[in-house]
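A.B. asks:
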Amino acid sequence: MPELPEVETIRRGLLPVVRDRRIAGVARRPVALHGRPIPDLAPLLRARITSLGRRGKYLLWRTADGGPVLVMHLGMSGRVLVTEDSDMCDPRRALAADRHVHLALALEGGGLIAFRDPRRFGQLALLSDEAAVSRHPALAALGPEPLGADFTADYLYRRLRTSRASVKARLMDQSVVAGLGNIYVLEALHLTGIRPTRRADRIGYQRCARLVVGIRSVLEEAIAAGGSSLRDYRLADGSLGYFQHRFRVYGRENRPCARPDCDGTITKRAQAGRTSYYCPVCQR
DNA sequence: CTTCAGACCTGGTGGC
DNA sequence: TGCCACCAGGTCTGAA
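Taking the numbering used here, the leading residue of the first sequence gets 1, the next gets one more, and so forth.
1) What residues in its chain sit with their C-beta under 8 Å from that of ARG11, if we drop five residues either side in the sequence?
2) By Cβ distance below 6 Å, which residues in the same chain neighbour LEU240 in space, the five residues on each side in sequence not counted?
3) With distances taken between CB atoms, is the gap from ARG116 to LEU81 smaller than 8 Å?
4) Please report the Cβ distance between ALA258 and PHE243, rounded to the nearest whole angstrom; I am assuming they are in contact, meaning their Cβ atoms lie under 8 Å.
5) From which residue to which residue does the beta strand (DSSP E) around SER217 run?
6) Helix, strand or coil for TYR278, going by three-state DSSP, please let me know.
7) Using the Cβ count rule (16 or more neighbours within 10 Å means buried), how would you classify THR162?
8) Please report how far the alpha carbon of ARG164 lies from the alpha carbon of PHE151, in whole angstroms.
9) Does the pairing of the segment 107 to 122 with the segment 174 to 187 give three or more beta-carbon distances under 8 Å?
10) If you draw a straight line from the alpha carbon of HIS102 to that of ALA47, how long is it in whole angstroms?
11) Please classify GLU6: is it buried, with 16 or more other beta-carbons within 10 angstroms of its beta-carbon, or exposed?
12) Have a look at VAL71, SER77 and CYS89 and flag the residue whose alpha-carbon is nearest the alpha-carbon of ALA138.
13) I believe SER166 touches GLN271 by the beta-carbon criterion, under 8 Å. Please report the beta-carbon distance rounded to the nearest angstrom.
14) Helix, strand or coil for LYS57 per DSSP?
15) With a threshold of 8 Å on Cβ separation, who are the neighbours of ILE194 within its own chain once the five nearest residues in sequence on each side are excluded?
16) Taking Cβ to Cβ, would you say TYR205 is nearer than 8 Å to ALA149?
17) According to DSSP, PRO256 sits in a beta bridge with which residue or residues?
18) Let's see if you can read the secondary structure: which residues bound the beta strand (DSSP E) around THR83?
19) Determine the DSSP secondary structure at PRO37, reduced to helix, strand or coil.
20) Within 10 angstroms of its Cβ, does HIS190 collect 16 or more other Cβ (buried), or is it exposed?
21) Give me whichever residues DSSP pairs with THR63 in a beta bridge.
22) Please return the same chain residues whose Cβ sits closer than 6 Å to the Cβ of GLY25, not counting the five positions on each side in sequence.
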C-alpha cells in the first residue's frame with residue numbers, strides 16, 4: 001500500500017483537479033471492501049468538493065456547507081484514477097470497463113474520479129459530517145502525525161518504553177504514529193542504526209529522539225520524490241514516484257550497506273508476518 | 001492486558 | 001507454454 005508519502009503525494013496531485021468541483025453522478029460496485037459493503041453514495045450527489053485532507057494513510061474528501069465526508073483508505077493496492085476527458089463521465093461505464101474499479105464519481109462539467117483496488121483491502125466510508133469524522137473508530141484511534149508537532153521524542157519514548165514488542169511492530173502500529181508502513185519504518189530504522197527486531201522498551205531516550213528526526217527526514221524526502229512506485233502505485237497524473245531508487249534497505253538483501261563507514265551486507269528476514277531488511281553490522 | 005499468526009483478496013513473478 | 005507456490009505498500013480478529 002501506499003504509506004504516508006504516497007497518500008500525501010496523491011492528495012497534493014488530486015487537490016487542484018477536484019477542488020470546487022461538483023459531483024454530478026455516482027456509482028458503486030456491490031462488493032465488499034475490507035469486509036464491508038461500499039456505502040450508499042447518494043448523499044454525495046450535487047455536493048461540491050472543497051478540500052482533500054489526509055490523516056495517516058486515510059484520504060478525507062470534504063464537501064461544502066458541512067456536507068458529507070468521504071473517507072478513503074487505499075489498502076495495499078488501491079489507486080485513485082482521474083480523467084478529465086469529458087467523454088468519459090459516466091460512472092456506471094467506468095465500473096463496467098474495469099472490474100477492479102469499485103467506486104466512480106462523475107464531475108460536473110466532465111471528468112471522472114475512480115477508486116480502483118484489485119485486492120480490495122481498501123476502505124471506504126461516507127460520514128455525514130465533521131462530528132461523524134471525529135467519531136470514526138479507525139480515525140479516532142490514530143496516533144499523532146509523524147510530521148506534526150505532537151510527534152516528539154518525549155512522546156515516542158513514552159509509547160515505546162512500555163512495550164515488549166519489537167520497535168518495528170510498534171512503529172507500524174497506527175495508534176503509536178499514523179502513516180508508517182513496512183517500507184518507511186525499515187528505512188527510518190536503518191537511518192538511525194536501530195535493528196527492527198530490537199525490543200521497544202530497550203530503546204533509550206536519545207535513540208527515540210534520533211528516531212523522530214529520522215522518521216521525519218525519510219518521510220519528507222519521500223514526499224519530495226513523489227513517493228515510491230512499486231507495482232500499482234502511481235501519482236494522480238499517472239506518473240511514477242521515484243523514492244524507490246533511494247531505498248537504503250528495503251528490497252536490498254545481499255547488497256552492501258548504504259552507510260558510508262559500514263561494510264555490512266543487508267539481511268532479509270521474516271518478522272511478524274512481514275519482511276524486514278536491515279544491516280546486521282550498523283543496526284543494533 | 002499485550003502480542004502475534006492468520007485471514008482477507010488479486011495479480012505478478014520465478015521455478016520447474 | 002503451463003502450472004503452482006510464493007510474495008506484495010495494510011488492517012482486523014481471535015487465540016495464546
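Glycine included, every Cβ here is placed at the ideal spot set by N, Cα and C. If you're wondering where the values come from, they're calculated on a predicted model, not measured in any experiment.
C.D. replies: To lay it out plainly:
1) Here residue 11 refers to the residue found at position 11 when the first sequence is read from its first residue. For ARG11, where only same-chain residues beyond five positions count, the Cβ hits under 8 Å are LEU52, GLY53, ARG54 and LEU59.
2) Taking the first sequence and counting its residues from 1, one reaches residue 240 at position 240. Contacts found: SER229.
3) Here residue 116 refers to the residue found at position 116 when the first sequence is read from its first residue. Here residue 81 refers to the residue found at position 81 when the first sequence is read from its first residue. For ARG116 and LEU81, yes; Cβs fall inside 8 Å.
4) Taking the first sequence and counting its residues from 1, one reaches residue 258 at position 258. Taking the first sequence and counting its residues from 1, one reaches residue 243 at position 243. No, ALA258 and PHE243 are not in contact; Cβ-Cβ is about 14 Å, not under 8 Å.
5) One-based indexing of the first sequence puts residue 217 at position 217. Segment 205 to 224 is the alpha helix (DSSP H) holding SER217; no beta strand (DSSP E) there.
6) The residue labelled residue 278 in the question sits at position 278 within the first sequence. Strand, per DSSP.
7) Position 162 of the first sequence holds residue 162. Exposed: under 16 other Cβ atoms inside 10 Å.
8) Counting from one through the first sequence, the residue named residue 164 turns up at place 164. Counting from one through the first sequence, the residue named residue 151 turns up at place 151. Between ARG164 and PHE151, the C-alpha separation is close to 21 Å.
9) no
10) Here residue 102 corresponds to residue number 102 of the first sequence, with the count starting at 1. Here residue 47 corresponds to residue number 47 of the first sequence, with the count starting at 1. Cα to Cα, the separation comes out at about 20 Å.
11) As a first step, residue 6 must be located in the first sequence, where it is residue number 6. So GLU6 counts as buried.
12) Residue 138 sits at position 138 when you count from the first residue of the first sequence. When only C-alpha atoms are compared, the closest one is VAL71.
13) By 1-based counting over the first sequence, the position of residue 166 is 166. By 1-based counting over the first sequence, the position of residue 271 is 271. At roughly 7 Å, the Cβ-Cβ gap stays under 8 Å, so SER166 and GLN271 are in contact.
14) Position 57 of the first sequence, counted from the first residue, corresponds to residue 57. Of the three classes helix, strand and coil, the one that applies to LYS57 here is coil, per DSSP.
15) Counted from its first residue, the first sequence places residue 194 at position 194. Contacts found: VAL167, ILE203, ARG207, LEU211, GLN283 and ARG284.
16) The count along the first sequence starts at 1 and reaches residue 205 at position 205. The count along the first sequence starts at 1 and reaches residue 149 at position 149. No, these two residues do not count as a Cβ contact at 8 Å.
17) In the first sequence, residue 256 corresponds to position 256, counting from 1. PRO256 is bridged to THR265.
18) Position 83 of the first sequence, counted from the first residue, corresponds to residue 83. Taken as a continuous stretch (DSSP letters only), the beta strand (DSSP E) holding THR83 covers 79 to 83.
19) One-based indexing of the first sequence puts residue 37 at position 37. Three-state DSSP puts PRO37 in a strand.
20) As a first step, residue 190 is located in the first sequence; it is residue number 190 there, counting from the start. Looking at its Cβ environment, which holds 16 or more other Cβ atoms inside 10 Å, HIS190 is buried.
21) Within the first sequence, residue 63 is the residue found at index 63, counting from 1. Partner(s): ILE49.
22) Locating residue 25 in the first sequence gives position 25, counting from the first residue. Closer than 6 Å at Cβ, skipping near neighbours: PRO91 and ALA106.
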